[in-house]
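S.K.:
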Amino acid sequence: MAQENAKRSKKSNDSQILSADFLQRILRESVNEIYVFEEDTWRFVYVNDAARLNLGFSEGELAQMTPLDIKPDLTEEMFREILSPLYNGLKKKTVFETVHLRKNKSKYPVEVHLQMMQSGAKRFFVALILDITERKLAEEALRKSEKRFRTALYSIGDAVITTDTEGNITHMNPVAEKLTGYEEPEARGKALNEVFVIVNELTGLTAENPVNRVLKEGKVIGLANHTVLISKDGQQIPVADSGAPILDEDGKTTGVVLVFRDQSIERKWQREISENEARFRGLFESSAAGIALHMIVYDAEGNPVDYEILDVNPQYEKITGIPKEKAVGQRATLLYGTDQPPYFEQYLSVALSGNSLSFETYFEPMQKHFYITVFSPEREKFATTFIDITPLKNAIRQIEKSSRQFSKMFYEHSAVKMILEAKTGRILDVNHAAEKFYGWKCEQMRSMKISDINTL
């Protein structure tokens with residue numbers, strides 16, 4: 000019995016030793032920089048391998064240093080203020096950004112996670128440091144991309160407004176300025192519904208804010224029918240638009256782009272048609288969206304294999320280019336020339352469950368982008384309403400193309416090109432010709448003012 004207890008005790012001690020060694024290894028080999036420094040003198044008592052390698056100082060050198068020796072942007076007073084809530088216990092942890100200074104005098108941006116820990120009778124500060132160089136470079140690249148985006152935005156023929164995730168306007172192109180009556184500087188920062196005031200022309204009621212809907216649903220949407228824009232001077236302008244989320248590289252929504260156009264001429268034409276056919280057409284016939292009614296088709300064994308088109312509206316014909324007489328009574332595979340019925344899985348699910356759904360898609364046979372809503376009026380039947388969002392997709396592609404073209408034209412132009420901040424004269428960007436002409440590197444000139452160069 001005593002031998003067994005001794006074995007268990009030894010195993011427990013070994014486990015504790017291994018655990019301590021493992022924790023030491025984690026600290027030493029962590030890819031993040033880890034520092035431990037004294038509460039009173041601030042001298043480093045521990046610096047891990049990652050920190051020493053990045054800084055270039057030896058362990059002996061660091062033992063004689065404090066955080067202020069590697070944080071050139073902080074004074075003693077500033078650092079003491081940062082540590083204050085940790086000293087007095089108001090916070091368990093504080094996070095801030097600064098720069099670190101290497102032995103070779105180069106600098107790199109860091110994010111500092113700092114806390115105070117007790118060891119016996121003494122207290123020490125423990126700092127976990129994240130090198131945020133890549134993040135800062137990405138932020139700078141985003142800023143430059145934003146400027147190129149603005150240039151592309153102003154070349155679009157349709158009216159374009161972009162907002163942030165709060166629905167506040169960030170950009171407007173000249174066409175949008177003309178239709179709304181607001182200039183971009185005046186509109187920037189305002190809520191969309193203060194500038195883009197839309198109502199239903201039939202009821203006069205305020206229409207749903209398209210940006211709110213895009214942010215809520217996270218997909219492309221179109222304005223409701225009979226939407227009128229009330230400009231700043233009270234002019235009523237019929238408009239058609241689409242809204243789409245602006246996504247970053249990770250697929251996260253960073254804002255909304257709203258593309259719209261004056262539909263005065265089109266709306267007048269549509270109204271004349273509607274008035275002439277009002278006695279013969281109901282809501283189905285007058286819808287501005289394409290509508291088709293379908294029925295599920297089963298094989299001899301009772302398996303759903305296709306769907307048949309029962310009826311279509313004129314907008315269906317206009318969008319698809321397929322005459323009503325050709326569509327009605329035809330199976331989908333034969334009508335659209337596909338091996339499988341288009342979107343059969345989604346349509347079958349709606350027809351059998353009664354649950355409606357909406358989705359965005361690109362239909363290769365027609366080479367068009369559609370926004371489709373599906374609902375079931377009765378079991379084994381379903382109706383589709385859809386709008387052609389190809390113009391919106393083309394507008395987005397044009398923005399991207401124009402941005403690339405501007406970048407190439409700007410940087411490769413043989414003449415000196417500069418982008419300046421109007422008020423301060425600060426140089427925001429320069430091309431390679433400017434670099435050759437002035438003899439300064441592009442990176443150097445971007446931190447200067449035009450007056451600095453002109454006086455040299």
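Under numbering that gives the first Met the number 0, residues 0 to 455 are what the sequence shown spells out, in order. C-beta: ideal position from N, C-alpha, C; glycine also.
#1: Taking CB distances under 7 Å as the criterion, tell me whether A382 reaches chain B.
#2: When the distance is taken between beta carbons, is V210 closer than 7 Å to V258?
#3: Could you give the DSSP three-state label for L455: helix, strand or coil?
#4: Which residue comes first and which comes last in the alpha helix (DSSP H) that contains I81?
#5: In whole angstroms, what is the alpha-carbon distance linking L17 and R425?
#6: Would a C-beta distance cut-off of 7 Å place F381 and V349 closer than the cut-off?
#7: What are the residues that DSSP puts in a beta bridge with L257?
#8: Leaving out five residues before and five after K456 in sequence, what residues of the same chain have Cβ atoms less than 6 Å from its Cβ?
#9: Considering only C-alpha positions, which residue in the set S83, E434, M294, K367 is nearest to Q114?
#10: Distance, Cα to Cα, D247 vs W41?
#11: What would DSSP say about F279, mapped onto helix, strand or coil?
#12: In terms of DSSP beta bridges, what is D428 paired with?
#13: Rounded to the nearest angstrom, how far is the Cβ of T252 from that of T164, given a contact under 8 Å?
#14: If I128 sits next to P108, beta carbons under 8 Å apart, how far is it from one beta carbon to the other, in whole angstroms?
#15: What does DSSP give as the partner residue(s) for P341 in the beta ladder?
#16: Quick one: grab the DSSP three-state call for R378.
#17: Mapping DSSP to helix, strand and coil, what is N199?
#18: Just list the residues that DSSP pairs F36 with in beta bridges.
#19: Are at least three pairs of beta-carbons, each pair with one atom in the stretch 229-237 and one in the stretch 288-298, less than 8 Å apart?
#20: Take T205 and list the residues in its own chain whose beta-carbon comes closer than 7 Å to its own, dropping the five residues that flank it on each side.
#21: When you compare each of F36, L61, R27 to N47 by their alpha carbons, which one comes out closest?
M.R.: Taking the geometry as given:
#1: Reference to chain B is not applicable here, since this structure consists of a single protein chain.
#2: Not a contact, by the Cβ cut-off of 7 Å.
#3: Low confidence applies here, because L455 scores a pLDDT of 49, under 50, leaving its location unreliable and the question unanswered by this model.
#4: It spans 75-86 - the alpha helix (DSSP H) in which I81 sits, taken as one unbroken run.
#5: Its pLDDT being 49, under 50, L17 is placed unreliably in this model, and the coordinates cannot settle the point.
#6: Cβ atoms of F381 and V349: closer than 7 Å.
#7: Here L257 is bridged, per DSSP, to I160, G242.
#8: A query on residue 456 cannot be resolved here, the shown segment of the chain reaching from 0 to 455 and no further.
#9: Between Q114 and the set S83, E434, M294, K367, the nearest pair of CA atoms involves S83.
#10: As the crow flies, the alpha-carbon of D247 is around 42 Å from that of W41.
#11: Any reading at F279 needs caution, since the residue's pLDDT is 46, under 50, leaving its predicted position unreliable; the model's value is listed next. F279 falls in the coil class under three-state DSSP.
#12: According to DSSP, which records beta bridges pairwise, D428 is partnered with I418.
#13: About 6 Å separates the two Cβ atoms, so the contact holds.
#14: In this structure I128 is not in contact with P108, their Cβ atoms being roughly 11 Å apart against a cut-off of 8 Å.
#15: Beta-bridge partners of P341 (DSSP): none assigned.
#16: Three-state DSSP puts R378 in coil, outside helix and strand.
#17: When DSSP states are grouped into helix, strand and coil, N199 belongs to the strand group.
#18: F36 has F43, F124 as its beta-bridge partners, per DSSP.
#19: In short, these stretches do not touch, since the Cβ pair count stays below three.
#20: These residues qualify, in order along the chain: V198.
#21: Ranking F36, L61, R27 by CA distance to the CA of N47 puts R27 first.
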